Structure formats: structure tokens, C-alpha cells
Amino acid sequence: MDPSERAFRICVALLLALSVAGCGRDRPRWRQLAREHVPKPLAAGYVLEARPAPGGEDAVSTAPQRVERVVPDGVHAWLETELARADFTRHPRLPVWQATVSLCGAGTPPDGSAPQRLVGGDEVFRWLRREDALVATEIEPGSFLVNEGKLWLALEQGVEPPETLKLSLFAQRGSKQGGATRLEGARFSGAGLGVWPRERVTFRSQRVTKGALRFATTVESARLDETERDAPIVFRVLVDGEPIFEHEERRVEGVTWHQVPLPETRLAQFELAFEVDGPFAFTAFYAPVIGPVDPGHFGGRPWGEQRRDIVVFQADTFRADNLVAFGGTHEPPLAPQLEAFALDGLRFLDARSVSSYTLPAHATLLTGLFPRQAGVIDRGHGLVKSIPTVAGILSELGYRTGAITEAGLVSKRFGLDRGFEWFDEVAVGDDPSAAVRGTLERVQAFLDADDGRPTFLFVQTYRVHAPYEVEDETRAELGEVLGIRDTHDVWSDRRLALAAEEPEPGTEAQRRAELQEIARAMRALYLGTVRDLDRAFERFYHDLIARDFLSNGYIVLTSDHGEAFYDHEEWFHAGTVYEEQIRVPIAIRGPDIEARAVTTPASLVDLPTTFLAMAGTHAPVDWPGSSLFDLPERRPIFSFQCFERGGVSTLCAIDQGRKVIAYENLEALQSGRMMHAYDLNTDPAERHDLAGNEDWPDAILRGTLPLLEVFLAPLGTLEGAELDAEKQRELDALGYGGNR
């Protein structure tokens with residue numbers, strides 16, 4: 009631990025101690041077992057049973073036995089399997105060989121090395137980091153990749169695989185981060201105990217008079233075939249060798265939250281043990297905490313006042329002007345529940361994101377820094393490991409921290425899970441309506457597992473994100489009003505076909521009219537999903553009201569960026585930082601919030617500082633944001649593209665309603681080069697470019713340059729974000745496959 013981090017944690021501990029000292033004698037203490045746990049290597053002799061080589065149902069009984077084993081590597085392990093040349097088949101067109109494997113890994117090595125290894129004889133093959141190398145016309149020989157049960161091996165033309173090969177896949181088992189043991193799986197990550205089948209983890213505990221143990225049990229399959237899909241996995245908790253809890257799980261990917269009253273004992277100490285039985289899988293006890301049996305409810309704790317609870321609802325891709333409360337013109341309103349929430353709370357009418365797409369915006373929301381300061385210079389980089397996060401700071405202050413996301417760019421793959429005790433990401437899939445219902449079910453399960461600590465919960469949904477799947481109820485209710493026709497795919501195909509055509513002379517007006525028709529149709533579908541999201545938000549909000557959440561908690565509604573529909577001849581987002589892509593809603597409700605509109609300029613960079621203000625503490629001194637409860641009347645507002653298109657990435661600086669769009673490049677900024685300038689006071693739609701025609705754009709660029717030199721510099725070593733084939737396809741489905 010470096011000195012700055014040590015000093016930071018000491019300060020947080022002192023603040024926590026002072027806050028606890030002033031809360032009365034009856035205030036309970038929570039024992040977080042993940043902070044006490046020290047991961048240990050696997051016990052000697054831990055093995056995987058020999059299994060038939062994969063090959064279909066007919067092949068199972070006759071296939072040769074494939075050797076599979078677990079090889080400890082310090083605290084972590086490698087899953088090894090041996091393959092033979094006979095396991096491979098040759099690709100009909102490319103110099104690639106393919107074999108079926110059943111094992112899959114979990115997490116990445118802490119030293120940043122490859123999570124997959126392949127050795128054949130004396131040759132060590134190179135791990136491919138990107139799926140696109142497999143579909144290229146020329147593949148570098150000597151490289152390989154394992155994805156979704158397939159091993160792809162590239163060799164010189166005419167060369168066959170070695171007689172035998174050894175494939176190793178990394179399996180993390182937890183490491184100390186921020187004072188707690190953290191685990192990382194495919195779906196889940198956070199603080200916990202990595203206990204695999206046939207393992208036991210024990211603690212010595214002081215006598216308990218009244219207490220309850222709360223935790224989540226999770227299962228993630230370590231094998232991709234279905235031979236063990238229905239085999240039971242049994243989780244147990246024991247006190248002095250006697251079971252007090254047993255839970256059977258048959259899902260290959262599942263989570264269940266539990267509360268287990270601890271037995272009273274006269275002994276000064278007792279042994280508390282966690283164990284798992286069943287077929288091999290990545291099994292874990294997440295967020296194990298001993299706390300009060302009866303924590304009361306969010307609006308009223310038996311021990312009286314405590315820090316405020318905070319829930320953030322982030323509606324991805326939601327434009328501010330979707331709501332009348334933020335300047336929209338839809339009558340009647342498309343989203344009555346969201347409108348009512350905003351109008352009854354504190355709403356910021358002039359708020360902007362720090363970026364035009366998801367990853368950098370979330371980097372700011374979860375770190376309090378501008379995207380590049382946090383390390384997100386593009387889609388290939390995640391958070392700098394050395395910087396503190398909002399979740400980490402609140403965890404140190406005694407908060408129960410959780411994030412429920414719909415994956416994509418809001419993923420642990422980019423370090424966004426850092427500091428969260430519980431991080432659960434599930435990709436949207438083919439049914440966005442089912443996805444958001446599942447998201448809300450996961451939210452309810454997390455809230456049901458309340459243990460009495462103050463809560464910080466971050467919820468993210470892609471419900472209004474492309475491909476704009478509109479529910480039948482909305483089509484029946486608003487289809488004619490909005491002009492909803494066909495589907496996103498139909499209009500997207502028309503757009504792409506038009507873009508591929510070589511325009512004939514004199515047809516530009518017709519071409520533009522066709523693109524505008526497509527844009528109107530796309531926008532209609534998008535607005536339909538706004539109504540769909542509103543119904544989901546109604547369930548979410550009413551559940552919190554039923555829990556009396558607002559008696560002692562804040563609910564924050566916001567978005568990470570907007571969406572363009574041929575505005576400025578751009579589509580969707582991640583493009584130039586025009587208003588339609590960066591204007592977002594921010595609304596807050598809470599016990600001491602009066603309904604009013606704020607016109608002072610605000611930014612997503614202000615939200616993390618606001619979260620800490622809600623928790624009764626101050627933000628780190630290097631955070632550039634201000635509390636939304638105490639905004640300065642004048643300061644520049646910044647937004648950064650962090651995504652190159654055509655070799656160009658942009659940023660903007662806004663001062664007193666005047667906006668400059670420039671290159672996201674220090675050399676260009678220092679030379680005074682800019683792209684556009686708009687006076688939003690008289691031209692909010694950014695139709696009249698004033699760059700080169702007025703003096704104020706140069707003055708804004710010169711005046712903000714010292715700040716931009718700070719905000720464009722990462723505060724630590726950049727972290728690459730490796731994307732496997734599954735994650736790449738997930739991002740492609742969301743439109744982040746490249747320059748669009």
C-alpha cells in the first residue's frame with residue numbers, strides 16, 4: 009500500500025470511529041468477514057475427476073478420457089486439460105485448427121499476464137487478445153484463443169497441431185484489495201470468500217448473544233458442457249462442526265441471498281465454517297457480514313439515526329428533453345412517472361454528461377474524476393487501479409455498497425466494480441423488456457438482504473438504448489401518436505444501404521430527405537422505449553416508497569449521455585460532443601429536498617461529490633466536481649468524447665452558455681486549433697457556427713487550457729481492458745463495435 013492510500017484509509021477510519029462514537033451505546037457493529045479472510049492456496053491433492061473428451065452424446069461413452077486437473081499457483085490456480093492432435097479439426101478456408109474444450113477460466117492474473125496458456129511440446133503459443141484476429145484473412149501463426157468451448161489454434165499452412173498439447177486457464181480465488189478479499193467471476197464480483205466444492209474456510213468468532221449472518225451464495229460454471237447442469241451444489245455454514253445452514257443450488261449461474269441467525273453459545277469462542285459440496289464450479293459466499301438480527305427498515309432503524317441511504321438510477325442513453333420537466337415538448341408527457349419524480353424533487357435544467365458515451369461517463373460517476381484522469385482515454389482502457397472510488401470511500405465509512413448493471417461497458421472488465429462489496433452484471437440479450445425486469449428483481453433481492461448498514465446502490469439499465477425494442481402495450485397506446493413503424497433493424501438496414509450507395513449528382517436533397525425520414529422513424533422507436541422505461545421506473549420507485557426509503561435516503565435519477573438522430577449528421581452516440589449527445593437529466597429526491605428547478609450549470613462530475621455530501625463527508629481534494637447542493641455560479645463545464653472516429657476525438661468547454669468544440673489533443677489545444685463554436689444562449693440547437701467569426705471562442709480556449717492540461721492527464725498508470733469474444737459481441741450489439 010502506497011503512503012497516500014494509507015493516509016487516506018487512516019483518515020476514513022478516524023471519521024468512521026468519530027461517527028460511531030456519537031451514535032449511542034445501542035448502535036450495533038457489523039463484522040465483515042471478507043475483511044478478516046486471507047485467501048489461501050488450495051489444499052494439497054485438490055483434483056478434478058477424469059472426464060470423457062467432449063464430442064456429443066454419442067461420443068461420451070466411447071471417447072477417451074481427457075485429463076483435467078487443478079494446478080495451484082500461489083493463492084490462485086490454473087485449470088489444465090490435455091489435448092491430442094486427434095481432438096482438432098482443420099478450418100476449411102483459414103490456417104486455423106479447432107478443438108472442443110469444456111473448462112473455462114475466471115478472472116485475470118494479478119500481474120496482467122495472459123489468462124490462457126497453450127503449450128505443445130517445446131512450443132509456447134501466443135494468446136490472442138481480440139476475436140477479430142480469428143476472422144482475418146491472415147492470422148499470425150503460433151497464436152490461439154479459447155472462447156465459448158472452442159480452442160482456435162493458428163498454424164503455418166500445412167502444419168498440423170503437436171501430438172499432445174496442454175491448455176491452462178486461469179482461475180482467480182480472491183485477492184486483498186482495499187482491505188477486503190475480493191473475488192471476480194463472469195457475472196459477479198465483490199468482497200467475499202472463494203470456497204470451491206470440497207473446500208472449507210473457517211473463522212474463530214467471539215461469543216454471540218444475538219446476531220445474524222447474511223451473505224449471498226453464487227454459482228458460476230467452470231465447465232461449458234451440460235453433463236453436470238442439474239447436479240446439486242450444497243452450501244453449508246457450520247458452528248463448531250454442526251451445520252446451522254444448508255442450501256442446495258442447481259443452477260449453473262445463480263445467486264441467492266441468505267440470513268442465518270447465529271446460535272447463542274456460552275463458549276468464549278466458537279468456530280464458524282463455510283463449505284461447499286458438489287461437482288466442480290466457481291462457488292463463493294459473497295458479502296458475508298455478521299450484524300443485528302433485526303435491522304429494522306430503511307426509514308427507521310432500532311438504534312436511531314445513521315448516515316443517509318443513497319440509490320442511483322442511471323437510465324443509459326436518456327436525453328434530457330425526453331421529459332417536459334427538462335425542456336421537452338411532448339404533450340401529454342411520454343413518461344408520467346419520471347416526470348412526477350423530477351417535478352417533485354430537485355432538478356437541474358442545465359446539466360451535461362462528461363462524455364458522449366457510456367464508459368467514460370461511468371468512470372466519472374464512480375471516481376469523481378474526469379474520464380482521462382480516471383484512465384479512460386478510449387474504449388480499450390479501464391480505471392487506473394491506484395485511484396479511490398466512490399464505492400470504496402463509502403465502504404470505508406461503513407456503507408453496504410452494491411451495483412446492479414446490464415453489463416456492456418458498465419462492467420468489471422473496465423474496473424468499474426472496484427470498491428463495491430457486491431457487483432452483479434447481466435447482459436441485455438435479445439429481450440430488453442425482460443432484461444430490465446430482471447434488473448429490478450436483482451435490485452429487490454439486494455434491498456431485501458438489507459443488514460442495517462447505510463446503503464449505496466447503483467442501478468444501470470439500457471432500456472432506451474438501441475435497438476429500441478418497443479413493448480406491444482406501448483405500440484398499442486402510442487404507436488400512432490409517435491409514428492412508430494417497423495423495427496430498429498428495418499430502419500438501420502435502410503440507413504446502412506443508403507450510406508453504401510454512391511450518390512448521383514443532383515440527388516443530395518432527396519438523399520437528405522430519406523435520411524431525415526429514417527431519423528424520425530428511429531426517434532419514434534426510441535421515444536416508445538422511453539414509455540417502456542417509465543413503467544419499469546414506476547415499479548422501482550414504488551418499491552422504494554414501500555420500504556420507506558425516502559425517510560432517510562436519497563434517490564438520484566440521471567443518465568450517462570444522450571442520443572443523436574441525424575442531428576448534425578450524426579447518429580446515436582459516442583460522437584462529437586453536441587448537445588443532443590451530452591445533455592442529461594439530473595433529479596434528486598430525499599428527506600430534506602424541496603421541489604425546485606436549478607438553472608445553474610451542472611455536470612455528472614458533480615454527482616460523486618454530491619454522493620459523499622449526502623453521506624456526511626467531504627470529497628478528496630483532487631476531485632474537480634462540486635456538490636450539487638452548493639454549485640458555483642460560474643465555472644466552465646467540460647465534456648470529452650474519448651472515442652476516435654476517423655482519427656479524431658473531440659471535447660467541449662462551455663462558459664456562460666458559450667460553447668467551444670475542439671480536438672481532444674493537448675498539442676492542438678495549445679496551438680489554439682478548434683472545430684466549432686456556438687452561443688447556446690441564442691442558438692441552443694447549435695446551428696450557427698461562430699468559430700473564426702468572434703473573439704470569445706479563442707478566449708474560452710485560452711482560459712480553460714490550464715484546466716484541460718490537468719483533466720486530460722491520467723492520475724496513474726493506464727490499465728488495458730482486454731475484451732474476449734463474448735464481451736466484444738456484447739458491445740457490438742450495443743453499437744460499440746468500432747467507428748460507425
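Per this note's numbering: the sequence shown ends with 748, consecutive numbering throughout. All residues carry an ideal CB built from backbone N, CA and C; glycine is no exception. Treat the numbers as computed from the prediction; the structure is a model and nothing was measured.
In this structure, the alpha-carbon of Y671 lies about 12 Å from that of F651. L331 is positioned such that its CB atom lies closer than 8 Å to that of A350. The continuous stretches of beta strand (DSSP E) do not include A603, and DSSP gives it neither H nor E.
Residue environment for Q322: buried (at least 16 other C-beta atoms within 10 angstroms of its C-beta).
In the DSSP secondary-structure assignment, N689 is not bridged to any residue.
For I492, the three-state secondary structure derived from DSSP is coil. Under the three-pair Cβ rule at 8 Å, the stretch 470-477 counts as touching the stretch 426-443. The way I'd put it, the stretch 579-588 doesn't touch the stretch 607-619; fewer than three beta-carbon pairs between them come closer than 8 Å.
DSSP assignment within the stretch 595-679 yields the following whole beta strand (DSSP E) runs of 3 residues or more, N-terminal first: 604-606, 645-648, 658-663, 666-671. Separation of the CB atoms of A92 and V203 is rounded to 34 Å, and the pair is thereby denied contact status at 8 Å.
Looking only at L173, D494, G150, the smallest Cα-Cα distance to D95 is reached by L173. In the DSSP assignment, S403 falls within the alpha helix (DSSP H) that extends over 398-404.
Take F548, set aside five residues on each side of it, and the residues of its chain with a beta-carbon closer than 8 Å to its own are F321, L448, V451, V467, in chain order. Here P344 is not near V362, since their CB atoms are 8 Å or more apart. In the structure shown, L709 adopts helical secondary structure according to DSSP, grouped into three states. M622 and W311 have their C-alpha atoms some 20 Å from each other.
If you draw a 10 Å sphere on the C-beta of I553, you find fewer than 16 other C-beta atoms in it, and that means exposed.
As summarised for the stretch 77-114, the continuous beta strand (DSSP E) elements at least 3 residues long and confined to that stretch are 84-92, 104-108, given in chain order. Contact check between the stretch 212-232 and the stretch 125-132: fewer than three CB pairs, one atom from each, fall below 8 Å, which does not count as touching.
Using a Cβ distance threshold of 8 Å, D317 and G561 count as a contacting pair.
If you draw a straight line from the Cα of Q124 to the Cα of Q185, it comes to about 23 Å. The beta carbons of T366 and D568 sit about 5 Å from each other, so the pair counts as a contact at 8 Å. Shown here for V398: same chain residues with a beta carbon closer than 6 Å to its own, the five before and five after excluded, namely L374, P616, F619 in chain order. Listed in chain order, the non-local C-beta contacts of P296 below 8 Å within the same chain comprise Q40, L41, A42, G200, L201, L221, R222, F223, F282, local neighbours out to five positions each way being set aside. CA-to-CA, the gap between G598 and S611 works out to about 20 Å. Per DSSP, F349 is one residue of the alpha helix (DSSP H) stretching across 344-351.
For the pair Y294 and G198, the CB atoms are nearer than the 8 Å cut-off.
For L417, the closest of G700, A443, P368, D456 by C-alpha to C-alpha distance is P368. Ranked by Cα distance from Q589, the options D600, A595, H576 are led by H576. One Cα belongs to Y407, the other to E546, and the distance between them is close to 26 Å. If you keep only unbroken alpha helix (DSSP H) runs of at least 4 residues inside the stretch 369-437, you get 379-382, 398-404.
For P303, there is no enclosing beta strand (DSSP E), as DSSP marks it with neither H nor E.
Rounded to whole angstroms, the separation of the alpha carbons of E207 and D285 is 8 Å.
The residue among A194, D302, H550, A532 with its C-alpha nearest the C-alpha of P36 is D302. With a contact defined as Cβ atoms closer than 8 Å, I492 and A532 qualify at about 5 Å. DSSP lists K158 as the beta-bridge partner residues of N155.
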